[in-house]
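Same order as they appear, the protein sequences are chains S and U.
If you count by the numbering used here, then the first sequence holds residues 614 to 725, one letter each, in order.
If you count by the numbering used here, then the second sequence holds residues 427 to 538, one letter each, in order.
Quick reminder that beta carbons are idealized off the backbone N, C-alpha and C, glycines included.
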Amino acid sequence: DAGITQSPRHKVTETGTPVTLRCHQTENHRYMYWYRQDPGHGLRLIHYSYGVKDTDKGEVSDGYSVSRSKTEDFLLTLESATSSQTSVYFCAIIPDSGNTIYFGEGSWLTVV
Amino acid sequence: DQQVKQNSPSLSVQEGRISILNCDYTNSMFDYFLWYKKYPAEGPTFLISISSIKDKNEDGRFTVFLNKSAKHLSLHIVPSQPGDSAVYFCAASANSNYQLIWGAGTKLIIKP
């Protein structure tokens, strides 16, 4: 258990509405990640953070923004949700002492 | 351009036999490889890893083999058990950076 909590775990939202997913960790790790998982694509990196207010884009960042104002929280925002953003979103951390990534339990987002 | 490929979307194996999951990569800069296991409605969990300085790593029933010249790695599970039924992802990173490139996953089904 890497102490990662994602919320909400399930959400249905309408096209065009903003959505924020929260990732909370209890171990004060520097590196945090947001991935999406879709059939046939495996896990794709959206954004990542290497410290408070230090974030960078991953391979599928269009339509997403992130914020990290505290070490323990990493927020993923869909400014205007689209149906193509229907997916499962996973938050992850890498402990400062290692290079193994640990995932949260996922947030299922459906955009209708 | 998929840098990490898992060409078998699914694999069915009899309980007690060996399961072999394969992964190919194209980037010769990758120097660290990991296997993750994912059950439905859960986040991926770390299974086993291997550094490019090794060609084999073993952990209980799980062994990962790395063939650098062929840019190929495989995960062997012996003996296969019903609880091994899951989706398996391979992932790779280069130069100890914290960004992983993921394969699309292979669904392993263990038949009783």
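{"Item": "Cβ pair Leu-722 of chain S, Thr-633 of chain S closer than 8 Å", "Value": "no"}
{"Item": "Tyr-462 of chain U vs Ala-518 of chain U beta-carbon contact at 8 Å", "Value": "no"}
{"Item": "Coil, strand or helix - Asp-510 of chain U by DSSP", "Value": "helix"}
{"Item": "Short CB-CB distance (under 8 Å) between Tyr-451 of chain U and chain B", "Value": "The chain labelled as chain B is not found among the protein chains of the depicted structure, namely S and U."}
{"Item": "Proximity to Glu-685 of chain S [Cα-Cα], best of S:Arg-622, S:His-637 and S:His-623", "Value": "S:His-637"}
{"Item": "Three-state secondary structure (DSSP) of Gln-698 of chain S", "Value": "helix"}
{"Item": "Cβ-based burial, Ser-662 of chain S [other Cβ within 10 Å; buried from 16]", "Value": "buried"}
{"Item": "Contact with chain S by Ser-475 of chain U, beta-carbon distance below 8 Å", "Value": "yes"}
{"Item": "Residues that Ala-530 of chain U contacts on chain S, provided the C-beta gap is smaller than 8 Å", "Value": "Gly-653, His-654 and Gly-655"}
{"Item": "Rounded Cβ spacing between Tyr-648 of chain S and Phe-703 of chain S (contact assumed at less than 8 Å)", "Value": "5 Å"}
{"Item": "Meets three-Cβ-pair contact criterion under 8 Å: the segment 617-634 of chain S and the segment 496-511 of chain U", "Value": "no"}
{"Item": "Local conformation of Thr-452 of chain U per DSSP, three classes", "Value": "coil"}
{"Item": "Whole-Å CB distance - Ala-773 of chain S paired with Val-673 of chain S, under 8 Å assumed", "Value": "Limits of chain S in this structure are 614 at one end and 725 at the other, which puts residue 773 of chain S out of reach."}
{"Item": "Beta-carbon spacing of Leu-534 of chain U, Ile-714 of chain S below 8 Å", "Value": "no"}
{"Item": "Beta-carbon neighbours of Pro-470 of chain U, restricted to chain S and to distances below 8 Å", "Value": "Leu-656, Phe-703 and Phe-716"}
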